[in-house]
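Accompanying notes for the structure given below.
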Amino acid sequence: WGLQVARYFYRNNEWSMWQFYPSSVGGFVSYFGEMQGMTGLETPRQIELLPYSLSQFSFFPDDPDDPFLDGRDGKIAGGLDGKIGITSDLTLNFTVNPDFGQVEADPSEVNLSAFETFFQEKRPFFIEGSNIFTYTLGFGDGSDSRESLFYSRRLGRQPQYEPDLGDNEYMQMPDNTSIIAAAKVTGKTHNGLSIGVLNAFTARERAAIELNGVRRKEIVEPATNYFVGRLQKDFSEGNTSIGGIATATNRDISSENLRFLNTAAYTGGFDVRHNWHNKDYWISLKTAFSRIEGDPEALIEAQTSSRRYFQRPDAPHLTLDSTRTSLDGHAGAFGIGRSNGHIQGMLGGTWRSPGFEINDLGYMRSADRILQFSWLSYREWNPQWIFREYRMNLNQWTGWNFDGEQTFRGMNVNGGGRFANNWQFWGGTELEASGLDASGLRGGPMLRYQGAIYSWWSIDSDDTKPFQFEIGGFNSFKDDDVSRSREFYGGVQWRPAKSMSLSLQPFFNINKRDLQYVETTEFSNADRYIFARIDQKTTGVIVRLNYSITPTLSFQYYGQPFVSAGKYSHYKRITDSRAERYEDRFENIDDEISKNDDEVLIDEDADGNSDYSFEIPDFNFQEFRSNLVVRWEFRPGSTMYFVWAQQRDDSFNNGNFNFRRNVDSLFGIDPENIFLLKFNYWFSL
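Residues 2 to 686 (my numbering) are what the sequence shown spells out, left to right.
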């Protein structure tokens, strides 16, 4: 048995450990002590059941024209969570009709990119034991660390189809897909075999649509089964591990409007890692494959998605096949490095073939990519000069597509440390060379983007004090002499008592970008790619309050007001997207433009008539989200939750940012209030 006992001396920021753990090493569990001599122990019987019931009431602004917005709604539900100890090493967790109403809301955002936003998992059932299911397609803590064969937020996702409404039609959409049941087996045997198996089944979801008192329902998400299996075996006292993973997504598509979804998606992978020289050095290889199946409509959707754009006219290695019913791909990552000592480093690479697709159950931003990278670091953990510890890092990377074109390259240097007074400073700068963006024209030829310089910094006060703060910033400058971004953020945390903490995290971002995608349209049998300069300002603050009134009664609050506004100007039409000179990539078209209340009209041939148009892209988005959760453990393992969730949001298209006016109008929006009362009762058999 591995065992470690540690005590943290908060006032001195020091650890005291039973089994010595050197600061110079990168491992942790491998340095645990060993408990020996425990024999003849009976395996305890572990069967835990946690049924729940809840009542939920919603109050929202009513609309006399909309039959679904009468100002209030309610539901009563119930379900069951359970845990069974299969052996002393393996545990079965299951849930039937789970509810996660007490979970903190996702942060607000405005996404102007072609890619899906990654959100952290916050639901307890999927967090517990999640490490065994981790199979990332990269190394370190960069963007690749989020790309994984299993992304648990796919379970219970928002419905993927939204029906088009006719005149005078109204619709009520489900907020998310219901998880009917889920079960997982996790654990690690005494001989070093880690096991993770998860299966979940989600319901067929329907939207209600009404026209002149006649109501019908339309399927917006098919019934789906999700499976993940993961094995990993340790050898040679943990110095070598070999593992594999398999995932499967199977949908019951019985409605014609859902033919754009894959009927089946499978992924798998094999990974091996070896450490040597007292775990100073390591080498790792990860491989993965994917296969999706479905109607030709679904495969066209996959081929033309922002992850690959097979329809690009300048990609000879890609072919859009409208008759496909399956698509296969492969990916992998290789790395070798040193993780102990003062000097550490790594050299490696990753790849994603054009046909690689994992987003039915995983998460990936883009395929058709080969990446080479290197990292070198110097770390000092012994107090020197004014530092308790410090680190310096140097990184370099280069990328290509599968046609051999170099698409990006860059480098950065960063570092920082903790001072003798426990304050911290971190910062860095990055140089990005000009490159080619396959998603820039949303399916058109690749767009050359300008090189840029990025810098960032942060200062943190002594985190052992009851009152602490942080400030930081981010700046970027592109070589077009126009585009730049500045962000400033801060944070204050106050612990007036051991049982209470309050934190505020304000932020403010100014983003000016000279080439922001607006619209693709067609004129004279040719595509027109319209871009513009955007001036965007975004601000908000995250508020958290935690208060444990007693060991069994606690209070948690999360709130975030958020405001973002974007104004578009200096409209452009792309003429030569790959041109070396920035000015040769587009032509300015402001003299062709006129506007009405809702549209931008373009007269390209100067005949006095509009040739094509698009909606005014200016935007103002305001949102306030909050959760208040009161948790009372009225008996060991049994809890009652009272939840008050509120949301206010509004959007319009003048694009003007005025902090005071925007905040005043935000809290003048009629809110949606959700009140939830949930009881869990714990049984042990």
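Note that CB positions come from ideal geometry on N, CA and C, so glycine has one too.
Item	Value
Measuring from the CB of residue 9, is there a heavy atom of the ligand COA at a distance below 7 Å?	This structure simply doesn't include the ligand COA, nor any ligand for that matter.
Going by Cα to Cα distance, which pick from 610, 633, 558 is closest to residue 645?	558
Compare the beta carbon distance of residue 337 and residue 284 with 8 Å and say whether it is the shorter of the two.	yes
Thinking residue 178 and residue 157 are a contact (beta carbons under 8 Å), I'd like their distance in whole angstroms, please.	6 Å
Rounded to whole angstroms, how far is the Cβ of residue 131 from the Cβ of residue 139, which I believe are closer than 8 Å?	Actually they are not in contact, since the Cβ atoms of residue 131 and residue 139 sit about 18 Å apart, beyond 8 Å.
Here's the rule I'm using: 16 or more other beta-carbon atoms within 10 Å means buried, otherwise exposed. How should residue 447 be labelled?	buried
Does the distance from the C-beta atom of residue 362 to that of residue 250 stay below 8 Å?	yes
Could you give the distance in angstroms between the alpha-carbon of residue 441 and the alpha-carbon of residue 81?	47 Å
At which residue ranges does the region 379-407 contain complete beta strand (DSSP E) runs of 3 or more residues, listed in the order of the chain?	388-401
Along the chain, where does the alpha helix (DSSP H) containing residue 663 start, and where does it finish?	660-667
Going by Cα to Cα distance, which pick from 500, 418, 549, 633 is closest to residue 389?	418
Only counting the same chain, and skipping five residues up and downstream in sequence, which positions put a Cβ closer than 7 Å to that of residue 202?	181, 182, 226
To the nearest angstrom, how far is the alpha carbon of residue 17 from that of residue 382?	16 Å
With residue 303 as the anchor, note down where its beta strand (DSSP E) starts and where it stops.	No beta strand (DSSP E) holds residue 303; the alpha helix (DSSP H) holding it covers 297-304.
My assumption, with CB atoms under 8 Å, is that residue 663 sits in contact with residue 564. Please give the rounded CB distance.	4 Å
Output needed for residue 528: all residues of its chain with C-beta closer than 8 Å, excluding positions within five of it in sequence on either side, in chain order.	445, 521, 522
Determine the closest residue to residue 36 out of 19, 24, 46, 48, with distance taken between C-alpha atoms.	19
Below 8 Å on the Cβ atoms is my guess for residue 462 versus residue 469; work out the distance and round it to an integer in Å.	5 Å
Grouping DSSP H, G and I as helix and E and B as strand, with all else coil, what is residue 56?	strand
When you compare the CB of residue 67 with every CB in chain C, is at least one pair closer than 8 Å?	Among the chains of the structure shown, chain C does not appear; only one protein chain is present.
Determine the extent of the alpha helix (DSSP H) in which residue 210 is found, giving its start and end residues.	Unbroken run through residue 210 is the beta strand (DSSP E), 206-212; no alpha helix (DSSP H).
For the alpha helix (DSSP H) that residue 133 lies in, which residues bound it at each end?	Here residue 133 belongs to no alpha helix (DSSP H), and DSSP marks it neither H nor E.
Are residue 206 and residue 175 close, meaning C-beta to C-beta below 8 Å?	yes
Look up residue 3 in the DSSP assignment and give the residues it is bridged to.	35
Under three-state DSSP, which class holds residue 125?	helix
Buried or exposed for residue 596, please, with buried defined as at least 16 other CB atoms from any protein chain shown within 10 angstroms of its CB.	exposed
Determine the direct distance from the alpha carbon of residue 229 to that of residue 685, and round the result to whole angstroms.	28 Å
What are the boundary residues of the beta strand (DSSP E) that residue 602 is part of?	600-603
In or out: residue 365 buried (at least 16 other Cβ within 10 Å) or exposed?	buried
From the DSSP secondary-structure annotation, give me the bridge partner or partners of residue 275.	241, 284
Could you work out which residue in 141, 136, 197, 192 is closest to residue 184 when comparing CA atoms only?	197
Starting from residue 637, trace the beta strand (DSSP E) both ways and give me its first and last residue.	It is not in any beta strand (DSSP E) - residue 637 carries neither H nor E in the DSSP assignment.
Pick out whichever of 590, 585, 348 has its Cα sitting closest to the Cα of residue 376.	348
Let me know if residue 233 comes out buried or exposed under the rule of 16 or more other beta-carbons within 10 Å of its beta-carbon.	buried
Between the region 109-121 and the region 208-218, do three or more beta carbon pairs fall short of 8 Å?	no
For the structure I just gave you, are there three or more beta carbon pairs, one from the region 533-552 and one from the region 404-422, closer than 8 Å?	no
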